[in-house]
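Residue numbers (this note's numbering), protein chains in the order written: chain A, 1 to 343; chain B, 1001 to 1335; chain C, 2001 to 2296.
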Amino acid sequence: MGRYLIRRLNLFLATTLALFIILFVATRWFPADLSYALSGVALPTTQQQLQIEQDYALHSNVISQFLAYVTERLSGNFGISVTSRQSVLNELAGVLPPSFELAFVAGIIALLCGIPLGMLSALSRSKMVQKTIMAATLTGYSIPVFWLGLLLSLWFGIELGLLPISGQINLLYQIPKVTGFMLFDTLLYNGDYKWNAFADVLAHIILPACTLAVLPFTVVVRITRAAMLNVMNQTYIRAAEARGLPYHTIVLKHALPNALIPLLKHLGLMLGPFASYAIVVEVIFSWPGVGAWLVSGIYQRDYTVIQAGIFAVALVIIFFSILIEVLYTAANPMSRKEMYGTN
Amino acid sequence: MPLLDIRNLTIELDTPQGPAKALEKVSLTINAGEMHGLIGESGSGRSLLARAILGIQDPSWHITADRMMWDGKNLMEMTRLQRRSLMGDEISMIFQDPSGSFNPTYTIGKQLLEAIPVANKWAFWRHTRDKRLTAQKWLHKVGIKNPRKVLNSYPWELSEGECQKVMIAMALAKQPRLLIADEPTASMEPATQAQIYRLLMQLNQLQNVTVLLISHELDTLANWCNRMTVLYSGQVMESGPTSELLAQPNHPYTKALLDNMPDYDLAALHKKLMPTLPGSVPALRHLPIGCRLGPRCPEARRQCVNQPVLSHYKDRYYACHFPYHTEVPDDDLLA
Amino acid sequence: MGRTKLYLDDDIPSHSKRVWRLFAAKPQALIGLWGVVILLLLSCFGPYIAPYAAEYQDQSALLMPPSWSNQGAVSHFLGTDDLGRDIFSRLLHGAQYTFGVALLVVISALFAGVIIGSISGMMRGLKSSILGHLLDALLSIPSLLMAILVVAVTGPGLSNVFWAVGISLTPQFVRSIHQTVHDELQKEYVTAATLDGANPLQIFWYVIMPNVWDTVIIQTTLAMSAAILDIAALGFLNLGAQAPMPEWGSMIMQGLDNFLFAPWTVTIPGISILLSVLAVNLVGDGLRSALAPMRN
């Protein structure tokens, strides 16, 4: 197990390095002055210019430039944003938590609805139920997310007037940012309108989270179904039946854990598309997250923001996909089977 | 009263080519305390029959039977729940793929403990410990030397033979009256095979467990069973006490099976043909009408397009229009 | 005269024939196939059958609802947008941008992916894992972020969308092909072919490739639906096709201003995106279930 963890850590480091290389090369191709693209300082004073050239080793060869680039970025210097003149790192710290919050809620919705529905469609005897669920998931898989978001905000936000369609919280509530996660911040806040604010935050997150949940939800349903069908045909399920165990014990104790293992693996592969969708959803619902921040960065040709945003999101995805892989190995005694007897 | 009495069981399967009768009018009688062998080639519906007795069915099966009695109770009229409680409690089954019959994500112990009934319902704090002790006792009984270690290991860490022994222990934990062993020794070495069979034999004699032993090897069944039923392509060919069946088969198929057994005592002629039936087992889609052995049978005549009824002669049953008889029915002719 | 079948021979169909039979047995897969064929035809001949030019502005019919509404007219079948452009014609013109470009992107990515994937799959050891893991890094950048990066370098435009989506799709092809080739290499029949004296090229082409095509086909349909959605999303974010272009995603973006009182300017392009992705997914689903029994 220790060797395995070290191998995964190596993979993480190698992928991060590759990510740095990609960003470094892209930065040099940006249609702007290199020192501007690196630092975000539009009209540097002579002193600033010298400082930038020294920081990024602009006068030496490419290798030391790359090393300087990596050093700067790892020490937290992402330059300043062109538009807001703020440090990019601070802005990044402000926009990451709302994104995590949205993604987390959407993921929970997808898993909580998707797994039971997948099981239902796998275990249901009725062809009707199966076909309805499969048709619904295929449609959900094909819906363009931006269009779905627009339609939902039109129906629920404007025509029915039930839910707010933009932002994270009504601007009237002044909630001090402690964790950045609004759901926690409102709970931590001790004021007269604590619960109103919490309800408001909840109301704000429903539409974007549901929109974002559609894709993972459909994938979860389909994979749970496929895995469940596969597991229910195994000999050990029949053996469990022959032992006279009740049906729900067989499904919940023997079939479900085995079916969730492939689901875990697919969740890791789904992170990329999920992040893409999250960006679009954040733009539509004006969610103050990293996606909307990035897109506004590109509208304004804010190169430092683009680099930092891409770096942060890709790093998060790399981290989580490797984490899921490790969890998969840890949760799955079968993967120990492969190691069993090898060392 | 026989323990299990089945008359004219027919199972129809839904195949892409339409329904096919995988089992046709199968009758089987198992008396309490006997070791009953069920022999048939693969695809003859042995496992289907076993699963139908136990009551694990697929939705694509259509089961009809004139009679299916378990110890005087009608299995056909039972609800799913009653069948389920019968499984495990009174009828147990072990499968031909022992290591695949364990859930790979749980340890052996966890799965074995599931099968063990609690002795004292109210002393819940002692349940786990009691169950563990019982589990160890059973594992010891089936001949596992280090039960504690086996309880804590995952199924893939054990050999096939050990897995099968645990499987038997698990099947016995609820002390069933009938144990169905579906090819319990497939893919095992001869020494382990012998161990497993001896174990089943012991259980039969010491614990009074009735065993339905399913196999395709006539010689192993002949060694261990009191009675045998021969199945071919979903029809019962012949049934009777092993010794009589071996001494004088009534049915051409049984005779062919006996002839197939290599005889090491007599020197065979060089390049002599193996005595086998011509042709091959029909596929499920192209089953012949009437007696399914018909196209391959050396004795086949015109009547064979009608399925013969299971005739009864002394202790033996056979389904053939032209059986081989030892005793000439009319003794007067000899005189 | 009908041929009397004397013997109940099972004719054993070839692989492709069997896949086709299983595929055609599902009506929804055939509907999807028809949809894809129609989309293909539209992306080739759409501009010729469109009643109006893509940029033609009918000043007398601004924001006209679709023809089934009371205010609609048959001359503008699906209504017009705020500049009086016929939405139906724009959809027909836009098919080549959304579906056609997606197809081109997928074919190029497929080509690059098959080459890189099979080379890295056939190699063993460090070289293979370096190639594989570099692409893992690319794969971890979501397609939209990749597009943003490309747009940041080259500026918005449909040709840049081609590169952006292509670069983000290629690693998926490489990864799945690499994996399949690698798995096939472990199997016994490859060893058998090696013992028969086949050289690596022969092994690759005659032994491994026939088993990889199934994966390639499935991956292609997956990539196709992803590509359509990505191109439309980029158009919607105004990072892809630019304003007057009738690309479906950018049509939605252009209709956004009038969303409240003329929702058809948004819903109709959206439905056409949904239907085309659905058609591709139906084909992909049908193929997957048709190939599944053979892959196991």
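Just so it is clear, CB atoms sit at the ideal spot from N, CA and C, and this is done for glycine as well.
task = Please list the segments of the alpha helix (DSSP H) lying wholly inside the region 130-196 of chain A, counting only runs of 4 or more residues, in order along the chain.
result = 145-152, 182-188
message = Below 8 Å, how does it come out for the region 2095-2108 of chain C and the region 2033-2045 of chain C: are there three or more Cβ pairs, yes or no?
response = yes
task = For C/Gly2125, count neighbouring C-beta atoms within 10 Å of its own C-beta (all shown protein chains included) and say buried if the count is 16 or more, exposed if not.
result = exposed
query = Just the Cα atoms here: how many angstroms apart are B/Leu1246 and B/Leu1139?
reply = 35 Å
message = Once DSSP output is grouped into helix, strand and coil, what is the label at B/Ser1047?
response = Three-state DSSP puts B/Ser1047 in a helix.
query = Taking the Cβ atom as the reference point for each residue, do C/Leu2239 and C/Ile2148 lie within a distance shorter than 8 Å?
reply = yes
request  = Might you give, ordered along the chain, the residues of its own chain that have their beta carbon closer than 8 Å to the beta carbon of C/Pro2142, omitting 5 neighbours on each side?
outcome  = Ser2168
ask   = Name the chain C residues whose beta carbon is nearer than 9 Å to that of A/Ala122?
value = Near A/Ala122 there are no residues of chain C at all, since even the closest Cβ is about 15 Å away, more than 9 Å.
task = Please report the Cβ distance between B/Gln1017 and B/Arg1285, rounded to the nearest whole angstrom; I am assuming they are in contact, meaning their Cβ atoms lie under 8 Å.
result = 5 Å
key: Partner residues on chain A for C/Pro2263, Cβ-Cβ distance less than 8 Å   = Leu154
request  = Entirely within the region 2070-2122 of chain C and at least 4 residues each: give me those alpha helix (DSSP H) ranges in chain order.
outcome  = Entirely contained in the region 2070-2122 of chain C, the alpha helix (DSSP H) runs reaching 4 residues are, in chain order, 2087-2095, 2101-2122.
key: CA-to-CA distance, B/Leu1013 to B/Ala1020, given in whole angstroms   = One C-alpha to the other measures close to 5 Å.
inquiry  = Here's the rule: buried if 16 or more other CB atoms are within 10 angstroms of the residue's CB, otherwise exposed. What is B/Lys1145?
reply    = exposed
task = At 9 Å on the CB atoms, spell out the chain B contacts of A/Glu325, in chain order.
result = The contacting residues do not exist; A/Glu325 stays about 18 Å from chain B at best.
key: Where the beta strand (DSSP E) through B/Ala1020 begins and ends   = Looking at the DSSP string, the run of the beta strand (DSSP E) that includes B/Ala1020 is 1018-1030.
inquiry  = Going by DSSP in three states, B/Gly1240 sits in which element: helix, strand or coil?
reply    = strand
Contact belief for B/Thr1229 with B/Leu1038 at Cβ below 8 Å, rounded distance in angstroms = 5 Å
ask   = Which stretch, first to last residue, makes up the alpha helix (DSSP H) that contains C/Leu2222?
value = 2209-2236
inquiry  = Considering Cα atoms alone, identify which of A/Ser64, A/Gly309, A/Ala239, A/Leu315 is closest to A/Leu271.
reply    = A/Leu315
query = Distance, Cα to Cα, C/Val2161 vs A/Gln307?
reply = Those two C-alpha atoms are separated by around 19 Å.
task = Buried or exposed for B/Met1035, please, with buried defined as at least 16 other CB atoms from any protein chain shown within 10 angstroms of its CB.
result = buried
request  = For B/Ala1065, collect the residues of the same chain with a Cβ closer than 8 Å to its Cβ; drop the 5 residues on either side in sequence, then sort them by chain order.
outcome  = Ile1006, Arg1007, Asn1008, Leu1009, Thr1010, Met1076
query = Is C/Cys2236 close to chain A, meaning its C-beta is less than 8 Å from at least one C-beta of that chain?
reply = The sequence shown places Phe at residue 2236 of chain C, rather than the Cys named in the question. Interface annotation, C/Phe2236: in contact with chain A, CB-CB separation under 8 Å.
task = Let me know the beta strand (DSSP E) ranges lying completely inside the region 1250-1315 of chain B, each 3 residues or longer, listed in chain order.
result = 1311-1313
ask   = At what residues does the beta strand (DSSP E) containing B/His1062 begin and finish?
value = 1061-1064
task = Report the neighbours of A/Leu138 on chain C: residues whose CB is nearer than 9 Å to its CB, in chain order.
result = Gln2028, Leu2278, Asn2281, Leu2282, Asp2285
Continuous beta strand (DSSP E) stretch holding B/Tyr1232: start and end = 1227-1232
ask   = By the 10 Å Cβ neighbour count, where 16 or more other Cβ atoms means buried, how is A/Thr342 classified, buried or exposed?
value = Any reading at A/Thr342 needs caution, since the residue's pLDDT is 47, under 50, leaving its predicted position unreliable; the model's value is listed next. A/Thr342 is exposed by the Cβ-count criterion.
task = Check B/Arg1067 in the structure and name its three-state DSSP category.
result = strand
request  = Figure out for me which residue from B/Gln1096, B/Tyr1324, B/Arg1148 has the closest Cα to the Cα of B/Thr1107.
outcome  = B/Arg1148
Local conformation of A/Glu282 per DSSP, three classes = helix
Per DSSP, the bridge partner or partners of B/Val1211 = B/Met1035, B/Leu1179
task = Taking only the alpha-carbon atoms, compute the straight-line gap between B/Glu1114 and B/Pro1104 and give it to the nearest angstrom.
result = Rounded to the nearest angstrom, the two C-alpha atoms are 15 Å apart.
inquiry  = Which residue wins for smallest C-alpha separation from B/Asn1226, given the options B/Gly1234, B/Thr1242, B/Leu1258, B/Glu1217?
reply    = B/Thr1242
inquiry  = In the DSSP output, which residue or residues are listed as bridge partners for B/Tyr1364?
reply    = Nothing about residue 1364 of chain B can be reported from this structure: the residues present for chain B run from 1001 to 1335 only.
key: Strand pairing of B/Met1087, partner residues [DSSP]   = B/Ile1091
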